[in-house]
Each structure stands twice: as structure tokens, then as C-alpha cells.
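As they're listed, the protein sequences go chains F and S. For what it's worth, our numbering labels the leading residue of the first sequence as 302, then goes sequentially. For what it's worth, our numbering labels the leading residue of the second sequence as 302, then goes sequentially.
Protein chains: 2
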Amino acid sequence: MAKVEKKFKFTVLATDVVIFTIKDDKLQVLLIKMKKEPFQACWAVPGGLVNPEEPLEQSAQRHLLLKSGLKNVYLEQLYTFGKVKRDPLGRVVSVAYFALVPSENLALKTSQEYAGVGWFPVNKLPPLAYDHSEIVALAKERLQAKLGYTNIIYSLLPKHFSLSDLQAVYEIILDKKLDKRNFRKKIFSLKLVKKTGEERRGRAFRPAELYEFISRRPAVVQIL
Amino acid sequence: MAKVEKKFKFTVLATDVVIFTIKDDKLQVLLIKMKKEPFQACWAVPGGLVNPEEPLEQSAQRHLLLKSGLKNVYLEQLYTFGKVKRDPLGRVVSVAYFALVPSENLALKTSQEYAGVGWFPVNKLPPLAYDHSEIVALAKERLQAKLGYTNIIYSLLPKHFSLSDLQAVYEIILDKKLDKRNFRKKIFSLKLVKKTGEERRGRAFRPAELYEFISRRPAVVQIL
DNA sequence: GCAAAAGTGTTTAACATACACCCATGG
DNA sequence: CCATGGGTGTATGTTAAACACTTTTGC
Numbered sequence: 302m303a304k305v306e307k308k309f310k311f312t313v314l315a316t317d318v319v320i321f322t323i324k325d326d327k328l329q330v331l332l333i334k335m336k337k338e339p340f341q342a343c344w345a346v347p348g349g350l351v352n353p354e355e356p357l358e359q360s361a362q363r364h365l366l367l368k369s370g371l372k373n374v375y376l377e378q379l380y381t382f383g384k385v386k387r388d389p390l391g392r393v394v395s396v397a398y399f400a401l402v403p404s405e406n407l408a409l410k411t412s413q414e415y416a417g418v419g420w421f422p423v424n425k426l427p428p429l430a431y432d433h434s435e436i437v438a439l440a441k442e443r444l445q446a447k448l449g450y451t452n453i454i455y456s457l458l459p460k461h462f463s464l465s466d467l468q469a470v471y472e473i474i475l476d477k478k479l480d481k482r483n484f485r486k487k488i489f490s491l492k493l494v495k496k497t498g499e500e501r502r503g504r505a506f507r508p509a510e511l512y513e514f515i516s517r518r519p520a521v522v523q524i525l
Numbered sequence: 302m303a304k305v306e307k308k309f310k311f312t313v314l315a316t317d318v319v320i321f322t323i324k325d326d327k328l329q330v331l332l333i334k335m336k337k338e339p340f341q342a343c344w345a346v347p348g349g350l351v352n353p354e355e356p357l358e359q360s361a362q363r364h365l366l367l368k369s370g371l372k373n374v375y376l377e378q379l380y381t382f383g384k385v386k387r388d389p390l391g392r393v394v395s396v397a398y399f400a401l402v403p404s405e406n407l408a409l410k411t412s413q414e415y416a417g418v419g420w421f422p423v424n425k426l427p428p429l430a431y432d433h434s435e436i437v438a439l440a441k442e443r444l445q446a447k448l449g450y451t452n453i454i455y456s457l458l459p460k461h462f463s464l465s466d467l468q469a470v471y472e473i474i475l476d477k478k479l480d481k482r483n484f485r486k487k488i489f490s491l492k493l494v495k496k497t498g499e500e501r502r503g504r505a506f507r508p509a510e511l512y513e514f515i516s517r518r519p520a521v522v523q524i525l
């Protein structure tokens, strides 16, 4: 028998959400600090049980809203984790999602339920509760893959941005340098963005033209 | 309240498995005919509840073995379906898998639990129970996509096969013709197969050289 | 005038595509 | 000898990759 008293008699369902953003030129993940045993003071990805009359995605959205205060962000089902002993309190099967939130307007909300909340660079995560390290690693892989053949990067950028901003986000997530001229050629040829007519001034160098995405809906597009 | 008496008081977990094979030059799906209400005499994809101490994939494998008699086939988690009212008997969340089984050695097993079992061309499916039409449609999409960037097609072919056999499987699943010479060039350049030295004789035309896969483990490879 | 990022084309190599005929066999 | 699928090469177009300098601004 387990050393920890089981809380759940039956198999229960949870959702967990890996929330990504770009902050300080790094890909960061939102983590919450747990209060309760058996992972007291451990960091984890936001999540919780699915309500009986609640669709899965709505459950994920609820945790997302609670922790990040954000609605209408990119949210995608990632994978369902079902190892029997992933939670010491009982059989908890978790449907993991990942979300992409823009770097602006980040207002973290903590709640009484948790001891804290914060952003962590995905490459320097603390040890995580449950199998959450595995979940985050898979989410990162999926994100990297999807950047290559979809347009979902729009969900990490503000309404207006420079092409250098855009390129930087690709470089940060893929963790490799891209050629500026080839990059621009590709982005233009795919008709992903258009000029806003504005430019960003006020810095000690040439102003950057600002662009916006022509479409902010997920689409498959061969980028890389 | 629902018209049908609920069987499950709490949310329960199930797995469903979309089993694909190539048969009669068509992509076919294994379906079972249900005995019980509320889908009496309806066709459905094999599946069932997850046991309390059973990992998800093992549950899928169990249903796979029960219906197809096959072990050690390609099996991959597809998506988790969680609409609240997808099952009239209560809240059943289903983790869907898809499996690829070789066209040889197909020995269908029926069981007392079901009224029948059979293969159906994926393009001519009968109406299915629950949301299984949606599940099969998604599985087919995933399979088509994965053919393009992985080597999983090996799991649909027998140990020895001709290059025309291989090409035919691609053409059937992708539902488009491929150029024979370009196809061979690609397959050879990727070092996916090697000659067995044998050839297939006994037909009224030139014998075909037989090949085998160099690796029969899943790998990412740009094929299309 | 200097530091810093913005912006801009061309050349080359690799790959994808299109395409048609001869070969070997069983009957 | 005929019908059938098996097997093979080249030429062209498209796309990816490599590469460096000029421009514009704030200070």
C-alpha cells in the first residue's frame, strides 16, 4: 500500500496547462507554488480537477484564467498523462494543454490556494511536482514543431511588432539563429503580415517599421 | 434530466482504439457491432473503461488485442474526447488511440460482448455510435500527416514487400497518385529499405524485387 | 560622428517535378 | 507473342541557403 493516504477512491480526471510566454528574451513557463502536501512548496503547472459538467477545454481555460487572468489565448490539447502512480493521492489522469500568451498585459494572479505564482525560463526550471517536468518538456517540443508548420506564433506577439521582434521569437523558441534576409523573404512570401504604416521610434538607431498579422487564426503554413 | 438512465454517477475514463489496416487496396477500420442500448446494433470503434490500476496505453492495448488478436503493433495516443454529453449513460471521457496493423495475419476475434466485428473502408463507414465518426476522422487525418514525416508506414506492411506495394500503401492512404521514379529515388535516398535478395515470382509479368525496412522503429523522416 | 539595429539582392546549391520506354515473366 | 506490372535517367523549375553592406536614428 502507498505511504500517503489516498484522497481519491476512484480514478479522477484533471487538466493541467503549460502556459508559455516570451519574457526577457526567453521562453518562460508559468508555475504555481503548492501549499498542500505531498508537494508542499513544490512548483507545478496550473491545473486541477475537471468538474462533472465541464468540457475538458473549458476546464483548462478555467485554470488558465485563474492564474494568468487571460482569456481568448491560444490553447491546444497536448497529451493525456495516465501513469497509475503519477499522483500519490490516487489515480489522477491528467489531460494536459498548452497555451501561448502575449508578452504584454501579463498580470499574474495568485490565489489563496497557492503559495505563489511566477514565470520561469523553460531551460531553467526548478524541480516540478508530479510528472510536470515531463509535461513541460513535451509541450516545448510540440511548440517548437508547430512553429515550423503553423502560424501560431501570432499568439505570442502584440498587435504591432517589428520583423526583428518576430524573428527574435522564432530564434528564442527554436534556439537557433536565422538569416535575416531569408527570414523576411519567407514571411513576406507567405503573406503572413502587413505593414501598419506606423514605425517604432525613440531608440538610438533607425526606426523599425511595424507590422501586424493578416490573420490571427490558427492555420497550417510551411514556415521552416 | 436525460431521457436515458445514467449508468455512471461520476466521470469515468475510457479508451477507444481506431485500428487501421490496408485490405483490398483500401484503408480500412475495424469496427464492432454493439449489443447493448443505447447503441444497440450500432457500429463503433473498439474500446471500454480503463481499469483502476491500468495505464492508459495498456488499456488501449487490451482492447486492441481483444478485437484484433494482435500484439506489438504501432499504437499512438490520438486525442482525448471529453464533451459532456458524448455518452448518454453518463460522463465518459475517452482517450482515443490509433493503431496500424499489417494486412497479413488478420484474425478477427469476436466476443460475447459484441454482436459482430468487421473491417470497413474508411471512406464508406456506417453511422457510428457516440462521437466515433469524429474520432475516426481525426485518426485518418493524423495518419495522413504522419505518413509525410515519419516512417510509421512500416507497421502496415509485411516483412517483405515490393516497392510497388510500398508505393501503393502511400497512394491509398494519401488518396493521390505518386510518380514511381521519384518515389523510388526518395525512398532510397532516405535509406529506409534494403533488398532482401528475394523476388516475388509466379505472376504473369516480371518478378518484383523484395525489400525490407532497415528499421522498424518509429522515426521522424521527411518523406513527402 | 558614433553606436546600434533596420533594411535590402544576388548567387549557388539542393531538391522536387515532370516525363517515356524497355524488361522479364506466365500463360 | 502478348499482356502486365517491374524497373530505370534526365532535364527543368523551384526553393533553400549563404553571404555584406548601406541606412537611419538618438545621443
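Glycine included, C-beta positions come from ideal geometry on N, C-alpha and C.
Assigned with DSSP and collapsed to three states, LEU332/F falls in strand. Per DSSP, the beta bridge partners of TYR380/F are ALA397/F. Assignment of LEU439/S by DSSP, reduced to helix, strand and coil, places it in the helix class. Inter-residue distance for LYS495/S and TYR512/S is about 5 Å (C-alpha atoms, whole angstroms). Listed along the chain, the chain S residues whose CB falls inside 7 Å of the CB of LYS384/F are PRO356.
For ASP317/S, the secondary structure class from DSSP, reduced to helix, strand or coil, is strand.
Within the stretch 419-451 of chain S, no residue has a Cβ lying closer than 7 Å to any Cβ of chain F. Within the stretch 319-330 of chain F, not one residue has a Cβ closer than 8 Å to any Cβ of chain S. Around ALA416/S, the same chain offers LYS334, LYS336 as residues with beta carbons nearer than 6 Å, after the five sequence neighbours per side are excluded. Burial of SER369/F is indicated by the presence of at least 16 other C-beta atoms within 10 angstroms of its C-beta. The distance from the Cβ of GLN468/F to that of PHE484/F is about 5 Å, consistent with a contact at the 8 Å cut-off.
Residue-level contact by beta carbon fails for PHE484/S and chain F, as no gap is shorter than 8 Å. According to the DSSP secondary-structure assignment, GLU500/F is paired through a beta bridge with GLU510/F.
Distance from the CA of GLU510/F to the CA of LYS460/F, rounded to the nearest whole angstrom, comes to 13 Å. Here DSSP, grouped into helix, strand and coil, assigns LEU475/F to helix.
The three-state secondary structure of TYR415/F, taken from DSSP, is strand. Look at GLY370/S here: in three-state DSSP terms it is coil, with no helix or strand label. Proximity of PRO519/F to chain S, defined by a Cβ-Cβ separation below 8 Å, is not satisfied.
Taking the CA atoms as reference points, ASN424/F sits about 24 Å from ASP388/F. Within the stretch 494-523 of chain F, not one residue has a Cβ closer than 7 Å to any Cβ of chain S. Its Cα nearest to that of PRO428/S, the residue ALA345/S stands out among VAL396/S, ALA520/S, ALA345/S. Against TYR375/S, chain F offers no close residue; the least beta-carbon distance is about 17 Å (beta-carbon pairs closer than 8 Å). Along the stretch 395-414 of chain S, going in chain order, the ones with a CB nearer than 9 Å to a CB of chain F are VAL396.
DSSP places ARG485/S in the uninterrupted alpha helix (DSSP H) bounded by 481-490. For GLY348/F, the uninterrupted beta strand (DSSP E) segment begins and ends at 348-350.
From the beta-carbon of VAL351/F, the residues of chain S found nearer than 8 Å are THR312, GLY383, VAL394.
Excluding the 5 residues flanking it on each side, ILE515/F has same chain C-beta neighbours closer than 8 Å at LYS492, LEU493, VAL494, LYS495, in chain order. Under the Cβ distance rule, GLN362/F does not count among the residues neighbouring chain S, no pair being separated by less than 8 Å. DSSP places TYR431/S in the coil class of the three-state scheme, outside both helix and strand. Here GLN362/S is buried, its C-beta having at least 16 other C-beta atoms within 10 Å.
Neighbours of TYR380/S in chain F, taken as residues at a C-beta separation under 9 Å, are given in chain order as GLN378, THR381.
Distances from the CA of SER463/S to each of LEU479/S, GLY498/S, LYS441/S, LEU444/S were compared; the closest alpha carbon is that of GLY498/S.
Here LYS481/S is exposed: its Cβ has fewer than 16 other Cβ atoms, across all protein chains shown, within 10 Å. Within its own chain, the residues whose Cβ lies closer than 6 Å to the Cβ of CYS343/F, once the five positions on either side in sequence are excluded, are MET335, ALA430, listed in chain order.
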